[in-house]
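Counting with our numbering, you get residues 1 to 414 for the letters of the sequence shown. Where is the CB? At the ideal position from N, CA and C, for every residue including glycine. The structure appears below as structure tokens.
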Amino acid sequence: MSEKIEVSVVMPCLNEADTIGVCIQKATSAMQQAGICGEVVIADNGSTDASKSIAQSLGARTVDVAERGYGAALMQGIESARGRFVIMGDADDSYDFLEIPAFVDRLREGFDLVQGCRLPRGGGRVLPGAMPFLHRWIGNPALSWLVRIMFRIPINDVYCGMRGFTRQWYDRLDLRSPGMEFATEMIIKSGLYGASMSQVPITLHPDGRQEHGPHLRTFRDGWRTLRLFLVFSPKWTFFFPGLLLILIAFVGYALAIPQIRIAGAALDVHTLLVASLAGLLGWQCVMLATLARIFAAREGMMPPLDRLETLTVERGLGFGLITMTAGIAMIVAVIVQWWKVDFGRLDYPQTMRLVVPGVTFVAIGFQTAMSALMAGVLRMHRRQRPASELDADFAPASSAEPITVADARESTTR
């Protein structure tokens with residue numbers, strides 16, 4: 001029977017007795033009318049009402065999920081699904097599961113991920129009272145715009161919880177978010193790993209629940225989504241801000257070293273200090289971007305970046321040592337000047353033009369060398385031992401007499 005199931009409809013559930021029944025009936029009816037062999041899986045997240053018994057009475061399969069969270073429920077529900085394709089959607093009757101065949105048709109065409117779109121920009125429709133003003137006109141459009149800009153993913157409604165995907169693609173993604181950001185993580189990682197994606201316009205209906213309000217928390221879940229964007233985009237989180245700070249440092253140096261006047265103000269050593277601070281912070285951001293990208297690739301969060309593979313530990317150490325040497329040379333030059341005046345008073349506005357860049361170069365070189373070593377640590381992979389070796393380690397002793405606790409103690413004392 002399990003081999004014949006094509007589609008698994010997975011719904012997370014936490015006290016959805018008001019609406020779980022109609023959602024299951026719509027999903028079942030849609031698959032029957034379209035000739036789709038499917039199942040409905042309810043990932044119950046600790047319901048205390050009649051949700052679970054209602055689901056079972058309507059022929060749905062229930063899966064108990066102990067870990068709380070939207071993502072946690074979906075992950076366990078999807079992992080227990082038997083279908084080749086998975087359609088996920090909320091059990092609050094805001095999504096019309098009669099639209100399932102449209103998702104299945106796209107999946108049969110070969111798409112890895114088919115995203116529902118509720119927003120008019122993608123052809124969708126939001127019925128009156130179905131979505132709060134802040135979500136509809138600010139939250140969803142802004143977050144979807146960020147996804148398109150930061151990750152170049154052509155999705156108009158990143159927060160839409162109704163979507164379809166192949167089970168094979170889901171297994172490849174290795175999703176980890178237990179909260180509401182689960183759906184966003186799926187979109188981001190699908191884009192990073194080059195999934196073939198399509199959109200299906202859908203209609204969002206008003207929430208049908210009466211006993212309690214939505215589980216979504218606007219600001220908490222909005223921040224979690226934004227935080228996820230930052231985690232999965234070292235380029236925008238670290239690299240671009242770092243480049244901006246380095247550019248500010250270059251401009252500051254170009255103006256301060258020749259003491260250029262702007263609007264009558266002479267840019268001097270103080271400008272040089274501030275520019276050096278910007279340069280140090282900027283270079284640190286660039287190093288963090290590099291380390292974060294290496295770590296993300298190692299942990300399977302993002303695909304490897306070919307350009308980083310050429311940045312070896314030795315190259316990083318070499319660049320760091322050269323930069324430190326240049327900085328030390330500048331500092332030594334000032335010490336020589338100090339020696340020439342018998343270690344007396346120096347012309348600080350002049351000597352600081354060497355000391356400040358020198359100290360900055362030493363710090364940048366040191367940061368680079370240490371980051372290169374850290375990158376080497378991050379690139380170390382655990383050796384995957386063959387199963388035969390592991391079995392041998394834990395195999396019982398071949399001796400006919402078992403080893404007792406007393407024997408073990410005696411062996412230890414010896």
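Partner residues in a beta bridge of Ser29, as assigned by DSSP, do not exist.
Three or more beta-carbon pairs drawn from the region 71 to 86 and the region 33 to 44 are found closer than 8 Å, and the two stretches are therefore classed as touching. When the alpha-carbon of Phe343 is set against those of Val334, Asp268 and Thr290, the nearest one is in Val334.
Taking 8 Å as the cut-off, the beta carbon of Met180 is found no closer than this to the beta carbon of Asp90. Taken through DSSP and simplified to helix, strand or coil, Gly59 comes out as coil. Inclusion of Pro349 and Val269 in the CB contact set at 8 Å is warranted, their separation being smaller than that value. Arg82 sits away from Glu109, with the two beta carbons spaced by 8 Å or more. The residues Asn156, in chain order, have a CB closer than 7 Å to that of Arg121 in the same chain once the five nearest residues on each side in sequence are set aside. The Cβ atoms of Ala183 and Phe97 do not sit closer than 8 Å to each other.
Where Met197 is concerned, there is no enclosing alpha helix (DSSP H), although the beta strand (DSSP E) around it starts and stops at Met197 to Pro201.
Annotation for Arg152: Gly191 place their beta carbon closer than 8 Å to its own, counting only its chain and skipping 5 residues before and after. The Cβ atoms of Leu173 and Val158 do not sit closer than 8 Å to each other. Under the DSSP definition of a beta bridge, Asp44 partners with Cys13 and Asp64. Of all C-beta pairs linking the region 269 to 279 to the region 248 to 259, three or more are shorter than 8 Å, placing the two stretches in contact. Between Thr290 and Ser371, the C-beta gap is smaller than 8 Å, which places the two residues in contact. Secondary structure within the region 265 to 291: not one fully enclosed alpha helix (DSSP H) run of 4 or more consecutive residues is present. Under DSSP, the beta-bridge partners assigned to Gln115 are Arg163 and Gln199. According to the DSSP assignment, Ile87 belongs to the beta strand (DSSP E) that extends over Phe85 to Met88.
Leu175 places its beta carbon less than 8 Å from that of Met186.
When C-beta atoms of the region 273 to 283 are compared with those of the region 240 to 255, three or more pairs fall below 8 Å, so the two segments count as touching. In the same chain as Pro304, and ignoring 5 residues on each side of it, the C-beta atoms closer than 6 Å to its own belong to Ala297, in chain order. Under the three-state reduction of DSSP, Gly38 is assigned to strand.
Annotation: Met301 is outside any alpha helix (DSSP H) and is labelled neither H nor E by DSSP. Within 10 angstroms of the beta-carbon of Gly59 lie fewer than 16 other beta-carbons, which makes it exposed.
Non-local C-beta neighbours of Ile260 in its own chain, meaning closer than 7 Å and more than five positions away in sequence, comprise Leu267, ordered along the chain. Ranked by Cα distance from Gly300, the options Arg136, Leu226, Tyr193 and Cys13 are led by Tyr193. The C-beta of Ala263 has fewer than 16 other C-beta atoms within 10 Å across all chains shown, which makes the residue exposed.
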